[in-house]
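Visitor: Would you mind keeping the following structure in view while I ask a few things?
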Amino acid sequence: MTTAAAPAGLRGSPWPAFAARRLARFAVSLWALLTAAFLMIHLVPGDPVRASLGLTAPAELVAAKRAELGLDDPLWVQYGHYVRGLLSGDFGTSMASGQPVAQVIGDRLPSTLQLAVLAFAVVVVVAVPVGVCFAVLTRGGRRRGAELGFTSVSVFLAAIPEFLVAVGLVALLAVGLGWFPVAGSDDVSAYVLPVAALAVGPAAVLSRMVRVELLSVLGADFVRTARAKRLPARLVYVRHALPNALTATLTLGGLMLTGMVAGTVLVENVFAWPGLGSTIVASILQKDYPLVQGIVLVYGVGVLLVNLLVDVVLGLLDPRSAIREA
Amino acid sequence: MARRGSVWAAAVRTPVGACSAVLLAGVVLLAVLAPLLWGDAAAAIDTDAIGQGPSGAHWFGTDSLGRDLFFRTLVATRLSVGLAVLATAIGVGVGVLLGTLPSVLPRWAGRLLTAAVNVAVAFPGLLLALFLAVIFGVGTQGAVLAIAFAVAPAFARLVQTLSASVAGRDFIAAARVSGVGRIRLLARHVLPNIGEPLVVNATIGAGSALLAFAGLSFLGIGVQAPDYDWGRLLREGLDGIYVNPVAALGPCVAVVLAGLAFNLVGETVAGVVGVRTRASRRAAGPLPAPRPAAVAEPADDAVLVVENLQVAFPGPSGWTVPVRGVSFSVRPGEAIGVVGESGSGKSLTALAVSRLIETPGVVTADRLEFAGTPLAAASDRELGTSLAMVFQDPMTSFNPARRVGRQLAEVSEQHHGLSRRAAFARAIDRLTAVRVPAAARRARQYPHEFSGGMRQRAMIGMGLMGQPKLIIADEPTTALDVTVQRQVLRLLARTREAEGAAILLISHDIAVVSQTCERMLVMYAGRVVEDLPTGSPAQHPYTRALLATTVDLGTDRDEPLAVIPGRPPEPDQVPDGCAFADRCPLASERCRTEDPVLEPTADAHRVACWHPQVSVLSGRSQEEGAA
Amino acid sequence: MSVLEFDAVSVRYGKLTAVDGVRLTVPSGQVVGLVGESGSGKSTLARAAVGLAPVNAGRVLLDGVDVRKLPRRRPLQMVFQDPYSSLDPRMAIGESITEAMPRDTSRGARREEVARLLDLVHLGPDRAAMLPGQLSGGQRQRVALARALAGQPKVLIADEITSALDVSVQGAVLNLVRDVQRRLSLSMLFISHNLAVVRYVSDIVAVMYLGRIVEAGPAEQVLTDPQHPYTRDLLASAPSAHRNLLADTGDPLADTEPADPHHPPPGCRYHPRCPIGPLVHTDRTLCVSADPADDAAHRPHRAACHFAA
């Protein structure tokens, strides 16, 4: 059909429907995540307890452990136990250490969060101004040199994964120059390298994205309208171009933030950072399945929360996005 | 195909293309040859040289068994790259399958699959890979499967979005109407049209898979001893980083170079197949000189004087000049229409005379004056308050994220020094003036809450925030329905009367212009070919043909419609002679070699034609235009 | 020779009723022009006929048979608005045409048929191997017509086929469509927002407003003696050499907005804009309370107006 003219006046806000839809999506994803984490143990080929305790473990011990974990119950009973446990904050018990999984997570989560939030802040503070500057400098094909330089450097930086940046930084600044500690999280200087390693790549990606979006917004009709009003360039950028460009960048920002959650896993392992990332790898290698399960759940919920946050912010910033959905 | 070949050759000659070709060739060669040439050297254990730093004999030093790390890094190329490519291939295959299945499966199954993919894609690849590594088990095989299945959802999503955008196009609907079945639709219409972006993304995906694999091996979850890839070498190197940093940095560099190779190849392919078109912005030599035109001395009080206006854009093969020497003037209160087909340069003329052409476009003119001052020297306040613009698409011409009233108020805040509140009050007043109902409420709404006609009113209201001497309206009603078109045209006429403003109305519709304007400029291929009072008979064959082809309520239903054969020249291939000669029934040898100049023929009538048709009959009854 | 009949057809997209109980007949060998503003549902009606939009109520009948019961390759073909989007950019035009032919056509026959069709739309048969990108907009629209004809239709639907084209090209396409329609005695539903174009092509004109047909009748009659006020408004708005577009009609409702298709007004859907309706004649409350579509069949031109004149 021909595109219908936009509604002349909106009767009723689209917000409740939008919010309900988003919450429903969150709930469904959360359920999928729970179930996937639950099934993980059952998808492991062979007997997870046997795998965990090793081939030499006596059969009685294995059987006892199986019973303790409830692995002999029918699947749906186990699922029920599992969900009920989660609801009451019981994530199970680590097979390796015997500690409650919830406690291990509680110990480790703060360091990981610190790292991720700090790195994200650094990315935003650095990348947005840089992207805006280069967009303004190189708009309409001006300053080809600057554009080429910016593009090549950002492509290059974006192509290096955080753990390689981490290794490079360690080799150069910690081992070579001795400015920062190689590992640990004891004092403030220990934060510099991990945060830098996490932030470099995303900052390059984001600044490139900000530049591209801003350039495309600068070509939009409404920016031409703003220029036709003869507003000073500063206002054209700040009031008309930037908000729309940042809205467009927000989705990527969310993806990056979730990517950063994953990035912490590698970076923590380089710097022996006492966070969730080093714990999950250790527990995977030890086949400590309950612990893996719990940590996967925490990461997953983090990702889902970030996505929800992005959606909500997007809905607030862009009055159309809520309606576009409806 | 020859054309394609030359495009590839050209792509390889660009810096990025050359880099990527060299890098890729290097990586492939190493992957094939290194294990054959240096496999033994890399495996040779030398107990005399354990854990050494870099030296002439061992460039990267040696590991804990005295094996040469340089050779090990080279030999690891095959496993690192091979596994990455393998994982990508599986992942892309699964992804394409998951992405295309919903269009073939029953509706409910398709939806379920789509929903599952949407949930999976929200999680970062590395987390998925870690999760899957638990299921598939630690080791090479597990890591390949983990990465493959971690890549798959993203590709499924890509295939879905790409096919959705293709499926929305009319050729799919047309094929369905023709009775083409689902499978053939997918195979013949959808997949070929999404193939290129898929290849590009798969290439870049292989780069990411390489990095992810290195990551897993680095964590100890991927390749296990005695096999080794770059990730493993990196892990081993990191343990001894104080003794020999090169042991860690060597594999690092290898991973980065190989990853970069894939990324750059992806970018190059994207450039060639046009997934991401990059506008050529190379300045190409000096601007061509505009051809001179006879110019009548404009009236002293003219609002707008344009002499020999030229607009040029740099292209890959020299300057493209879509506006080639346009001259006219607008008297106070006059309504002038500019008519032409798409590509005639009419909109660019409008933008140029309102100083809105941006780099890389270049505007030159012998004279370009607004209200007596050269346009280049006019102050922003002057232009902002006395030159009003109305653009074609009311949908996109307002900032979607700002309230309409605020967008109007800005003008007065900026140029009249009004406070926020006072400016907003004036905005409401102006919206009332352009007959926007319930203006006070509407001013607080966002543009998307306005209908097209209302938005165009608001746009005119924006021009009325000042005291416009000239309103430039660029196709203001093209996007509107006829009944709304009439409303907007009437509003423009009323505004002109009330404010004493002149109007420059750009339109493709000669009927609209002839009914709303006193004078019209007919543009063809970047020039004004005729400048005539709307009442008087046209003399240029193009104008006459345009009039003859226009269907209106009086068109004779029993006769075929008049047509103009051929099509206008591309702006970068304008002939030396008259640009209309190829389509003109009156064209002579002179027309093909000499470009006619716009010259006065009668009172207030100018024509650029060697054979103007001076007759008492109106253009409509003439048959010359209809070939 | 076939009759296409819309029998109380409704099409809904979610809460939006794009087409609401439309009755319209395209008689055999005749051209019915359907005119209306954007959002009036005219394209949706066309898409419903060819199965691209869901028919939620009523039936579309081809020679008395519900089109949903017809085989996949229906003798009902359509030409779309945008020739830049309606041809697969990666498929040679000859192949696009071949694809629409009946399955049982032999290979050799197909090649001949492509040549014949291309010739019919005044394109050289040597162009069969070209990609759409190598053709101009007008030429592409000819190819689209040839493809529609390849399906050996009895009824052709043309949806805004010239609105994406420049005026100088529009004439040639219209001439061709008219010529082909007459030569093959096709029944045709010709949709356009341009009343002048509809008038030129059609034998019968139907006017659509907010999902309803508000007036339908022989072209000359509808245009010279319009019954519905909306038709009169359309006629007055069409640019014409004989009328001043800007002349103030003194109509107090001249500046009202088109209604929102998501929230159609009660009673007569046109009443908020109607110059002879309740907003001008305050005693005409009937327009707000009763739907004039109910007894439209008894009025001249089936006008959906209580005060049709």
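Protein chains in written order, with the numbering used here: chain A, -15 to 310; chain B, 21 to 647; chain C, 351 to 659. C-beta: ideal position from N, C-alpha, C; glycine also. Since we're looking at a predicted model, the values are computed, not measured.
Could you tell me which chain B residues have their CB closer than 9 Å to the CB of Leu269(A), listed as they occur along the chain?
Guide: Residue 269(A) sits at position 285 when you count from the first residue of the first sequence. Those within 9 Å of Leu269(A) in chain B are Val158, Leu239, Gly240 and Ile241.
Visitor: Can you give me, in chain order, the residues of the segment 529 to 546 of chain B that have a beta carbon less than 7 Å from any beta carbon in chain D?
Guide: Checking the listed chains, one finds no chain D in this structure; the protein chains it contains are A, B and C.
Visitor: What first and last residue would you give for the beta strand (DSSP E) that runs through Leu541(B)?
Guide: Taking the first residue of the second sequence as position 1, residue 541(B) is located at position 521. Counting along the chain, the beta strand (DSSP E) containing Leu541(B) begins and ends at Arg539 to Tyr544.
Visitor: Give the DSSP-derived three-state secondary structure of Tyr175(A) in the structure shown.
Guide: Here residue 175(A) refers to the residue found at position 191 of the first sequence. Looking at Tyr175(A) - three-state DSSP - the assignment turns out to be helix.
Visitor: How big is the Cα-Cα spacing for Leu53(B) and Thr97(B)?
Guide: Locating residue 53(B) in the second sequence gives position 33, where the first residue counts as 1. Locating residue 97(B) in the second sequence gives position 77, where the first residue counts as 1. Each residue's alpha carbon lies about 10 Å from the other.
Visitor: For Ala654(C), return the contacting residues in chain B, with the cut-off set at a CB-CB distance below 9 Å.
Guide: The sequence position of residue 654(C) within the third sequence is 304, counting from 1. Near Ala654(C) there are no residues of chain B at all, since even the closest Cβ is about 17 Å away, more than 9 Å.
Visitor: My output table needs one value for Asp88(B): the three-state DSSP class, helix, strand or coil.
Guide: The residue you call residue 88(B) lines up with position 68 of the second sequence. In this structure, Asp88(B) counts as strand in the three-state DSSP scheme.
Visitor: Given a limit of 7 Å on CB to CB distance, which residues of the segment 546 to 563 of chain C reach chain B?
Guide: The segment 546 to 563 of chain C vs chain B, Cβ under 7 Å: Ala546, Val547, Arg549 and Tyr550.
Visitor: For Val285(B) and Ile167(B), I'd like the C-alpha separation in whole angstroms.
Guide: As a working mapping, residue 285(B) is identified with position 265 in the second sequence. As a working mapping, residue 167(B) is identified with position 147 in the second sequence. Their Cα atoms are separated by approximately 21 Å.
Visitor: Distance cutoff 7 Å, beta carbons only. Does Pro589(C) sit that close to anything in chain B?
Guide: Numbered from 1 along the third sequence, position 239 holds the residue referred to as residue 589(C). Closer than 7 Å to some Cβ of chain B, the Cβ of Pro589(C) qualifies, so yes.
Visitor: Quick check on DSSP: helix, strand or coil for Phe540(C)?
Guide: Residue numbering aside, residue 540(C) sits at position 190 when the third sequence is read from its first letter. Strand.
Visitor: Are the Cβ atoms of Glu327(B) and Asp386(B) separated by less than 7 Å?
Guide: As a working note, residue 327(B) is residue 307 in the second sequence. As a working note, residue 386(B) is residue 366 in the second sequence. Taking 7 Å as the Cβ cut-off, Glu327(B) and Asp386(B) qualify as a contacting pair.
Visitor: Is the CB of Gly243(A) under 7 Å away from at least one CB in chain B?
Guide: Your numbering for residue 243(A) matches position 259 in the first sequence. Yes, Gly243(A) counts as interfacial toward chain B.
Visitor: With distances taken between CB atoms, is the gap from Ile530(B) to Val359(B) smaller than 7 Å?
Guide: Within the second sequence, residue 530(B) is the residue found at index 510, counting from 1. Within the second sequence, residue 359(B) is the residue found at index 339, counting from 1. In contact: Ile530(B) and Val359(B) (Cβ atoms closer than 7 Å).
Visitor: Could you check if Ala647(C) belongs to the surroundings of the ligand NAP, using beta carbon to heavy atom distance under 6 Å?
Guide: In terms of ligand content, the structure shown is empty, and the ligand NAP therefore cannot be addressed.
Visitor: Name the DSSP beta bridge partners of Ala622(B), please?
Guide: Taking the second sequence and counting its residues from 1, one reaches residue 622(B) at position 602. Looking at the DSSP assignment, Ala622(B) forms a beta bridge with His625(B).
Visitor: Using a beta-carbon distance below 7 Å, is Gln434(B) in contact with chain A?
Guide: Here residue 434(B) refers to the residue found at position 414 when the second sequence is read from its first residue. Chain A contact via Cβ: present.
Visitor: Would you kindly report the start and end of the unbroken beta strand (DSSP E) that includes Asp413(C)?
Guide: The count along the third sequence starts at 1 and reaches residue 413(C) at position 63. Segment: none, Asp413(C) is in no beta strand (DSSP E) and carries neither H nor E.
Visitor: Between Ser639(C) and chain B, is there a C-beta pair that is closer than 7 Å?
Guide: Numbered from 1 along the third sequence, position 289 holds the residue referred to as residue 639(C). Cβ-Cβ to chain B under 7 Å: no for Ser639(C).
Visitor: Short check: CB of Ala396(C) to CB of Arg373(C), under 7 Å?
Guide: Start at 1 with the first residue of the third sequence, and residue 396(C) comes out as number 46. Start at 1 with the first residue of the third sequence, and residue 373(C) comes out as number 23. Not a contact, by the Cβ cut-off of 7 Å.
Visitor: Could you tell me whether the segment 533 to 553 of chain B touches the segment 548 to 555 of chain C, where touching means 3 or more Cβ pairs closer than 8 Å?
Guide: Touching, no.
Visitor: Within 7 Å (strictly less), CB to CB, does Val359(C) reach chain B?
Guide: As a working note, residue 359(C) is residue 9 in the third sequence. It does not; no Cβ of chain B falls within 7 Å.
Visitor: How would you call Tyr262(B), buried or exposed, if buried means at least 16 neighbouring beta carbons within 10 angstroms?
Guide: Position 242 of the second sequence, counting from 1, holds the residue named residue 262(B). With fewer than 16 other Cβ atoms within 10 Å, it is exposed.
Visitor: Measure from the C-beta of Val159(A) to each C-beta in chain B and report whether the shortest distance is under 7 Å.
Guide: Against the first sequence, residue 159(A) aligns to sequence position 175. For Val159(A), the answer is yes, since a Cβ of chain B falls inside 7 Å of its Cβ.
Visitor: Any Cβ of chain A within less than 7 Å of the Cβ of Val139(B)?
Guide: Here the question's residue 139(B) lines up with position 119 in the second sequence. Yes, because at least one Cβ of chain A sits closer than 7 Å to the Cβ of Val139(B).
Visitor: Return the CA-CA distance between Ala370(B) and Ala225(A), expressed in angstroms with no decimal places.
Guide: Translated into positions along the second sequence, residue 370(B) becomes position 350. Translated into positions along the first sequence, residue 225(A) becomes position 241. Between Ala370(B) and Ala225(A), the C-alpha separation is close to 23 Å.
Visitor: Where Leu499(C) and Val527(C) are concerned, what is the direct C-alpha to C-alpha distance, given to the nearest angstrom?
Guide: For the purposes of this step, residue 499(C) is taken as residue 149 along the third sequence, with counting starting at 1. For the purposes of this step, residue 527(C) is taken as residue 177 along the third sequence, with counting starting at 1. Their backbone Cα atoms lie some 11 Å apart in a straight line.
Visitor: At a CB-CB cut-off below 9 Å, which residues of chain B make contact with Gly501(C)?
Guide: On the third sequence, position 151 is the one that residue 501(C) refers to. Those are Val197, Ser198 and Gly199, listed as they occur along chain B.
Visitor: Ends of the beta strand (DSSP E) at Asp66(B)?
Guide: By one-based count along the second sequence, residue 66(B) stands at place 46. Asp66(B) -> no beta strand (DSSP E), and no H or E assigned at all.
Visitor: Between the segment 641 to 655 of chain C and the segment 570 to 582 of chain C, do three or more beta carbon pairs fall short of 8 Å?
Guide: At 8 Å Cβ cutoff, the stretches touch.
Visitor: Are Gly561(C) and Asp370(C) touching if we call contact CB-CB under 7 Å?
Guide: If you number the third sequence from 1, residue 561(C) lands on position 211. If you number the third sequence from 1, residue 370(C) lands on position 20. Yes, the pair counts as a contact, with Cβ atoms nearer than the cut-off.
Visitor: Provide the residue span of the beta strand (DSSP E) that contains Asn328(B), from first to last.
Guide: Position 308 of the second sequence, counted from the start, is the residue given in the question as residue 328(B). First-last of the beta strand (DSSP E) with Asn328(B): Leu324 to Gly335.
Visitor: Could you give the residue range of the beta strand (DSSP E) that holds Gly520(B)?
Guide: Working through the second sequence from its first residue, we reach residue 520(B) at position 500. Segment: none, Gly520(B) is in no beta strand (DSSP E) and carries neither H nor E.
Visitor: What did DSSP end up calling Pro126(B) once you bin it into helix, strand or coil?
Guide: Residue mapping note: residue 126(B) aligns to position 106 of the second sequence, counting from 1. Coil, per DSSP.
Visitor: Near Ser518(C), which residues of its chain fall below 8 Å by C-beta distance, leaving aside the five closest residues on each side in sequence?
Guide: Translated into the one-based positions of the third sequence, residue 518(C) becomes position 168. Excluding sequence neighbours, Ser518(C) sits near nothing in its chain.
Visitor: Going by the DSSP bridge assignment, what does Met558(C) pair with across the sheet?
Guide: Mapped onto the third sequence, residue 558(C) falls at position 208. Ile563(C).
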